[in-house]
């Protein structure tokens, strides 16, 4: 009977030998793959087999990212709507503030103009402008109830705008100086030359008519009201000479001017009173003679 001894420990290659073996195998495989591309198809096959598993493993992360993005997008959408609404409100307030500042500055200038004018002035606001391009008239919100009468001069903080041509109880019509049928007596500030400026029917064009070719007038000359008509107070700015055409074949020069004021700039205007102040005479200054006629004290009949 043969007796065998059991083996409690199996002896194999050492750890160092195994490490050297696998390192050498890896180097050989890498060299073969780099040189002959044998393992490319094997990697593609493994990638095809493993791809569904990779997608399945990424499902929880994808769901989490989608939910987070959905919540974040909803928050951004709400915040965007709120910011847009706030922007619209702020923009409206800013525009209103700018309009109020401009109106305030223009009203201050009107008050200064009122102090410069000796006659009584009524502040009015433009109600509407006719749509007719050939109609150079505007409507104001002050009428006969406010003491407005035809013939009164209308100015803004810069200069003459026009003249009241028709009045209603609570409104009045202003014919602008640019109207083709309107004329204003003016005077050149530089040399005192008097003339008459007329409208042409265009918004920014006036003409000095019937001036001789050799008249002493230059481009840039300032024109103010002369006051000789008894309607326009003297010294109100009217226009500036913008172009002069002198043709020796014609008797008169063509002088084009630009008005300094205009209703296209402001809504508030001043209506100047052209009526001379009335001095009240006391009743005691008169006495009734026996023959029924009034005689002023002091013997002046």
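In our numbering, the protein residues as written are 1 to 301. The beta carbon of each residue, even a glycine, is placed where N, CA and C say it ideally should be.
Task: Other residues of its chain near residue 150: CB distance less than 7 Å, five sequence neighbours each side excluded - done: Around residue 150: 164, 165, 166 and 167.
Open item on the list: Suppose you measure from the CA of residue 174 to the CA of residue 199; what does that come to, to the nearest Å?
Closed with: 14 Å
- [ ] Please classify residue 248: is it buried, with 16 or more other beta-carbons within 10 angstroms of its beta-carbon, or exposed?
- [x] Residue 248 should be labelled exposed.
TODO: Kindly indicate the opening and closing residues of the beta strand (DSSP E) around residue 253.
DONE: 252 to 259
Task: Alpha carbon of residue 17 to alpha carbon of residue 23, nearest angstrom - done: 10 Å
- [ ] Would you mind reading off the limits of the beta strand (DSSP E) that contains residue 164?
- [x] 160 to 167
Open item on the list: I'd like to know if the segment 217 to 227 and the segment 184 to 192 are in contact, where contact means that at least 3 CB-CB pairs between them fall below 8 Å.
Closed with: With the cut-off at 8 Å, the segment 217 to 227 and the segment 184 to 192 touch.
Task: Exposed unless 16 or more other CB atoms sit within 10 angstroms - verdict on residue 55 - done: exposed
Task: Buried versus exposed, by CB contacts within 10 Å (16 or more), residue 232 - done: It is buried - the Cβ of residue 232 has at least 16 other Cβ atoms within 10 Å.
- [ ] Determine the contact status of residue 177 and residue 206, defining contact as a CB-CB distance below 9 Å.
- [x] yes
Open item on the list: According to DSSP, is residue 76 part of a helix, a strand, or is it coil?
Closed with: helix
Open item on the list: Helix, strand or coil for residue 211? Go by DSSP, reduced to three states.
Closed with: strand
TODO: Count the other C-beta atoms from every protein chain shown that fall within 10 angstroms of the C-beta of residue 14, then say buried if there are 16 or more, exposed otherwise.
DONE: Counting other Cβ atoms within 10 Å of its Cβ, residue 14 stays below 16 and is therefore classed as exposed.
TODO: Less than 8 Å between the CB atoms is what I'm expecting for residue 217 and residue 255, so what's the real figure, rounded?
DONE: Confirmed, about 6 Å.
Task: Top-ranked residue by Cα proximity to residue 251, from 214, 234, 195 and 268 - done: 214
- [ ] Would you kindly report the start and end of the unbroken beta strand (DSSP E) that includes residue 123?
- [x] 121 to 128
TODO: Can you grab the Cα-Cα spacing for the pair residue 49 / residue 33, in whole Å?
DONE: 20 Å
Task: Between the CA atoms of residue 196 and residue 211 - distance to the nearest angstrom - done: 9 Å
- [ ] Going by CA-CA distance only, name the one from 208, 269 and 31 that's closest to residue 153.
- [x] 269
Open item on the list: If you reduce the DSSP assignment to three classes, tell me which class residue 292 lands in.
Closed with: Low per-residue confidence applies at residue 292: pLDDT is 40, beneath 50, and the placement is therefore not dependable, though the value from the model is reported in the following sentence. Correct three-state label for residue 292: coil.
Task: Neighbourhood of residue 61 by C-beta, 6 Å cutoff - its chain only, sequence neighbours within 5 removed - done: none
Task: Alpha-carbon to alpha-carbon, residue 128 and residue 171 - done: Put simply, the backbone Cα of residue 171 is about 11 Å away from that of residue 128.
Open item on the list: Measuring only the C-alpha atoms, how far is residue 30 from residue 59?
Closed with: 33 Å
- [ ] Taking only the alpha-carbon atoms, compute the straight-line gap between residue 276 and residue 229 and give it to the nearest angstrom.
- [x] Residue placement at residue 276 is flagged as unreliable, the pLDDT there being 40, under the threshold of 50; the coordinate-derived value follows with that caveat. If I take the Cα positions, the gap works out to 14 Å.
- [ ] Spell out the partners DSSP gives residue 194 in its beta bridges.
- [x] In the DSSP output, where bridge partners are listed per residue, residue 194 has 187.
Task: Own chain residues within Cβ distance below 7 Å of residue 120, not counting five before or after - done: 273
Open item on the list: Could you tell me the alpha carbon to alpha carbon distance between residue 126 and residue 74, rounded to whole angstroms?
Closed with: 49 Å
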